[in-house]
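Working notes for the structure below.
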Amino acid sequence: MIRLNLPERIETERLLIQRLRYEDAEEIFYSYATKPEATKYLSWQTHTSIEDTRSFLRYAVEGWTWGTDYSFSIRLKETNQFIGSFGVINDKGKLQFGYVITPSKWGHGYATEVVKQMMQLLLKQDHVFRIGTFVDAENAASQKVLRRSGLVPEAILVKWYRFVNQDNKPKDCILFRLPDIDAL
């Protein structure tokens, strides 16, 4: 097993990025997990009960322990307000990541700030040979975040993924990768 050596707490200019904890359940539930506009492009179903969120957290805590999934909360440094999450799936050195921000905080550059910081940390990890993600081709906001964070589009994947919150219809996606990994 290839484990990542990620800190449990990371700071940026405006944000605290910390390992997700069981205690984050209610904040996750109310800030984005129940909001269809926030979960539209995510791989998991919009939560309808706090138990959905607690179930996710059990998975997240176990994933960190096993070295397969590293999930973080995103908080405003000034107020400690929970505004989203960032996660990395580790498939033996091939890393895929995703993020979500509560809709009330969209358009403030928080997603870009988190992704840029995390890309720098992920680039420093041993045995990593690929860092990337994919997005629904209709998700222009995430495409902008990824480009601003140094990722480049690699391919258009026709009818690539069924987003559960979009009636499970196969959707075209764009595969992004971090090119700096090629220089390592």
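Okay, so the sequence shown: first residue is 1 according to the working numbering, each after it adds one. Using N, Cα and C, we set each Cβ at its ideal position, and we do this for glycine too.
Note to self: Within 10 Å of its beta-carbon, does V158 have 16 or more other beta-carbons around it, so buried, or fewer, so exposed?
What the structure shows: Your numbering for residue 158 matches position 158 in the sequence shown. Classification for V158: exposed.
Item checked: Start-end ranges of the beta strand (DSSP E) lying completely within the segment 21 to 107, minimum 3 residues -> 69 to 76, 82 to 91 and 94 to 101
Next item on the list: Mind the definition here: the segment 68 to 85 touches the segment 99 to 115 only if three or more C-beta pairs lie below 8 Å; say whether that holds.
Entry: yes
Notebook entry, point to check: On the three-state DSSP scale, how would you describe R14?
Noted result: Here residue 14 corresponds to residue number 14 of the sequence shown, with the count starting at 1. Coil.
Item checked: D172 versus A25: straight-line alpha-carbon distance, rounded -> Here residue 172 refers to the residue found at position 172 when the sequence shown is read from its first residue. Here residue 25 refers to the residue found at position 25 when the sequence shown is read from its first residue. Going from the Cα of D172 to the Cα of A25 covers about 32 Å.
Margin query: So, at 6 Å on beta carbons, what are the nonlocal neighbours of V164 in its own chain, with the 5 sequence-adjacent residues on each side left out?
Written below: Here the question's residue 164 lines up with position 164 in the sequence shown. If we look at V164 and ignore the five residues flanking it on each side, its Cβ neighbours are Q45.
Next item on the list: Tell me, please, whether the segment 10 to 30 touches the segment 51 to 61 by the rule of three or more beta-carbon pairs shorter than 8 Å.
Entry: yes
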